[in-house]
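First comes the structure, then the notes that go with it.
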Amino acid sequence: MATTTIWYLLGILFFVLFKRSSQQCVGPEGLPGPEGDEGSQGSGTDGTWYDVMNANRNWRQCTFTSASGSDSGTIYTCSFTKNSATSSLYAAFSGTTRLHNCHGCCCRWYLTFNGAECSSPQVIDGTVYMAYYNAADLHRHRTISGVCDNIAAGSVTVALNVGACSGYGTYDCYTGWNAVSRIIVEELPASPYS
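So the sequence shown is residues -23 to -1, 1 to 171, counted in mature numbering (1 follows the signal peptide of the UniProt record, and there is no 0).
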């Protein structure tokens, strides 16, 4: 039994010494292994536009404190540089509008891009209609917003305009009163739903 115990202890000692020496001795670096197979395509989207946290977003806000009693034409303009021909533009007007001193009347506020209304997918506009309140002088905050496609890259002038509603004459319109008006423009990736 003593011999078995001695051999057992020598075995453990040899194992410990061998294990320790193998950990301390490092041979030369081996050759690189073969290149692995390419992985399968994931279902993610292109990170260039959709990685919002790291993307360089392109947007601008123009603010206006002046008011206009103009019943037709351009009221405010905001210059913007569009970087990509394939992107879309989100544009919004936010401010006070009013229609005054008429019955069965209508004024239309709309956005243009380099002098033309959006045609893809549709115009970006809003109307105010009034009936039975000839003497009313109600200034109301309104927002007109939308996305416009197919605008060339480069300099873009986004403008808020006012004019007659389809089927109506010209009435007493008013834009901007006692508050800041703004035009906001942002370049967006083309919609995946278009």
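All C-beta atoms, glycine included, are put in the ideal place defined by N, C-alpha and C.
Exercise. S132 by DSSP, collapsed to three states: which one?
Worked result: Residue 132 sits at position 155 when you count from the first residue of the sequence shown. The answer is strand: DSSP assigns S132 an E or B state.
Problem set entry | Contacts around A130, its chain only, beta-carbon distance under 7 angstroms, and the 5 residues preceding and following it disregarded | By one-based count along the sequence shown, residue 130 stands at place 153. K59, N60, S61 and A62, listed in sequence order.
Exercise. Would the beta-carbon of S49 fall within 8 angstroms of that of V139?
Worked result: Taking the sequence shown and counting its residues from 1, the one referred to as residue 49 is at position 72. Taking the sequence shown and counting its residues from 1, the one referred to as residue 139 is at position 162. Yes. Within cutoff.
For this session: Rounded to whole angstroms, what's the CA-CA distance from N155 to Y53? Just pull it up for me.
Result: For the purposes of this step, residue 155 is taken as the residue at position 178 of the sequence shown. For the purposes of this step, residue 53 is taken as the residue at position 76 of the sequence shown. Those two C-alpha atoms are separated by around 16 angstroms.
For this session: Could you tell me the distance, in whole angstroms, from the CA atom of D102 to the CA atom of S64?
Result: If you number the sequence shown from 1, residue 102 lands on position 125. If you number the sequence shown from 1, residue 64 lands on position 87. Answer to the nearest angstrom: the Cα atoms are 21 angstroms apart.
Problem set entry | C-beta atoms of C79 and N111 nearer than 8 angstroms | Indexing the sequence shown from 1 puts residue 79 at position 102. Indexing the sequence shown from 1 puts residue 111 at position 134. Yes, these two residues count as a Cβ contact at 8 angstroms.
Exercise. Do S158 and T120 have their C-beta atoms within less than 8 angstroms of each other?
Worked result: Within the sequence shown, the letter at position 181 stands for residue 158. Within the sequence shown, the letter at position 143 stands for residue 120. No, the Cβ-Cβ distance between S158 and T120 is not below 8 angstroms.
Exercise. Which runs of the beta strand (DSSP E) fall wholly inside the region 36 to 95 and span at least 3 residues, in chain order?
Worked result: 36 to 41, 50 to 59, 65 to 77 and 82 to 90
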